[in-house]
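Beneath this line is the structure, given in structure tokens, with notes to follow.
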Amino acid sequence: MPPKKRKKAYGPGGQYYRQRITRPDGRTEDVYGRTLPELAEKVQRRKTELVAGSVPPKEMYVYEYAAAWYARRAPHLSEGQRKSYAYQVNNIICPVIGGKPMAEITKDDLLDVLATRAHLSRRTQKDTVMVLKQLFSAAADADVIPKDPSVKIKAGGEAPAPKAALTDAQQAALLEAVRGLKVEPFVMLGLYTGMRRGEICGLRWDCVHLDGDAPYIEVRRGCRWPDAHKPEVSDELKTAAARRDIPIPPQLVQYLHGLRAAQMKKLRGSEAAKLEKLRELYVYCDDKGGPVSYTAFRRRWETIRTRSTASGRRLGEKIPKHRMTVTLDTMPTPHTLRHTYVTRLVLSGMDLKRVQYLAGHSSPDITLRIYTSLQKATPAELAAGVLAAFEPAK
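The following block contains the structure:
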């Protein structure tokens, strides 16, 4: 379509030419020139600028950038994380600020988002804050916005109750409750190695060393569930610090010897061939020796819930249908096992740097928070240290 000719708005007898072009975001804009060659040159230059620079920051809306940002992040997230991020973007963030230009978002706009979560716990609000910070930090790094408005926002709400480790009695009751069940290997590994859920589910026998003076487990793999059914095991761990070697106590050594022998019986061939095949099997596995699906993991963990008062039943109540008795006065989570392990190391007096290594914490701050929460703080317990500090010089 030839450019439209118009009279100039200034100067006697002046004129100029205009051509309307379509931008990458679907909008249109006008380009003007005094002559047709000048107009053609300006149109070509402007189209090149728009392709190279995409949409100018002030024209990109929050919902547009959030969709592009999520598409880039999703391949690197687990199934649960993808659902969480999508929920935050679609149900929490965009209903409040989705229709505003990215460059016009201020700290007050983000506080308006958090205001919709004010009645919820701090843990829940932290999820929203985390997504907001990642979203706008990425936009600032990509020069989509001139400044990150999320730098100083914080989650409100009540602090979550401190996590409680299992007592010795609760640990004994848990081990008795899961004896002989399919979930037992997971509980044993959680209590005696402090490995994360994905690390336990990704553990193969080639990383378990039971012979020698110091038996240990190599943490080299992790398991994820990109969808709710199929497990995905890779060498990619949560952090670089997660790659570690964990000495294992005699209780777990004895148990793993029995578990390994049971798996060996299911294999065929010579003893050497069995040992070679065993190296490829998983310690906490499905019926075929492979990694467990997420559905199977949840179903197995449910056998613990049915033996807990968390199921709504009374302690000591017999359940004929399942041929078992409610024996647990608490409902542990997979992370409770890990927290109990770290707590035992701290209370044993182990050096904090060693605790950090064995736990696979990327930062000593995480270990220190657990350590300080376990310190004795009553006047009677602190008296000896204070008196020693102020003892007169001899």
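The numbering used here puts the first residue of the sequence shown at 6, with every later residue one more than the last.
Just so it is clear, CB atoms sit at the ideal spot from N, CA and C, and this is done for glycine as well.
None of the values given here were measured: they were computed from a predicted structure.
The beta-carbon separation of I375 and T348, rounded to 7 Å, stays under the 8 Å limit for a contact. Under the three-state reduction of DSSP output, M329 falls in the strand class.
By the beta-carbon neighbour count (other beta carbons within 10 angstroms, threshold 16), A169 is exposed.
For S142, no beta strand (DSSP E) segment is defined; the enclosing uninterrupted segment is the alpha helix (DSSP H) at R127 to D146.
Look at Y75 here: in three-state DSSP terms it is helix. By the Cβ criterion, the region 354 to 364 is not in contact with the region 327 to 339, since fewer than three pairs of Cβ atoms, one from each stretch, lie closer than 8 Å. Residue range R249 to P252 is occupied by the beta strand (DSSP E) that includes D250.
Between L208 and R229 the beta-carbon gap is near 14 Å, outside 8 Å, which marks them as no contact.
Nearest neighbour of Q130 by Cα position, chosen from S89, K105 and P154, turns out to be S89. Look at V183 here: in three-state DSSP terms it is coil, with no helix or strand label. The beta-carbon separation of L41 and I98, rounded to 47 Å, does not stay under the 8 Å limit for a contact. Minimum Cα-Cα distance from E285 among the listed residues P80, V213 and A393 corresponds to V213.
In chain order, I97, I98, V101, I102, T133 and L137 place their CB closer than 8 Å to the CB of V118, counting only its own chain and leaving out the 5 sequence neighbours on each side.
The residue from R249, A182, E204 and L350 with its alpha-carbon nearest to that of H327 is A182. Beta-bridge partners of Q24 (DSSP): V36. G227 is bridged by DSSP to S239. Close CB contacts of I110 within its chain, under the 8 Å cut and outside five residues either way in sequence, are with V67, I102, F141, I150 and P154 (chain order). Selection L350, S83 and R51 evaluated against L196 yields L350 as nearest (Cα-Cα). The alpha carbon of L55 has as its nearest neighbour, out of R32, I309, A73 and L215, the alpha carbon of R32. Residue state for H234 is assigned as coil, using DSSP reduced to three classes.
Taken atom to atom, the span from the alpha-carbon of T198 to that of P397 is near 45 Å. In the three-state DSSP reduction, I375 falls in the helix class (H, G or I).
Residue pairing by DSSP places Y287 opposite R209 in a beta bridge.
The continuous alpha helix (DSSP H) containing H340 extends over residues P339 to L352. When beta bridges are read from the DSSP output, Y221 appears opposite H214 and P252.
Shown here, P42 sits in a helix according to DSSP, grouped into three states.
Rounded to whole angstroms, the separation of the alpha carbons of E241 and E163 is 35 Å. Sixteen is the threshold: since fewer than 16 other Cβ atoms of the shown chains lie within 10 Å of the Cβ of V391, the residue is exposed. The shortest C-alpha to C-alpha distance from Q256 to any of L215, K293, M269 and S275 is the one to L215.
Secondary structure at S313: strand, using DSSP grouped into helix, strand and coil.
The beta carbons of R249 and G321 sit about 41 Å from each other, so the pair does not count as a contact at 8 Å. Excluding the 5 residues flanking it on each side, E237 has same chain C-beta neighbours closer than 8 Å at C228, R229, W230 and P231, in chain order.
The C-beta of F395 has fewer than 16 other C-beta atoms within 10 Å across all chains shown, which makes the residue exposed. Taking C-alpha positions only, T244 is separated from S367 by approximately 7 Å. Nearest Cα to R201 within the set T341, A388 and P369: T341. DSSP, read as helix, strand or coil, puts P296 in strand.
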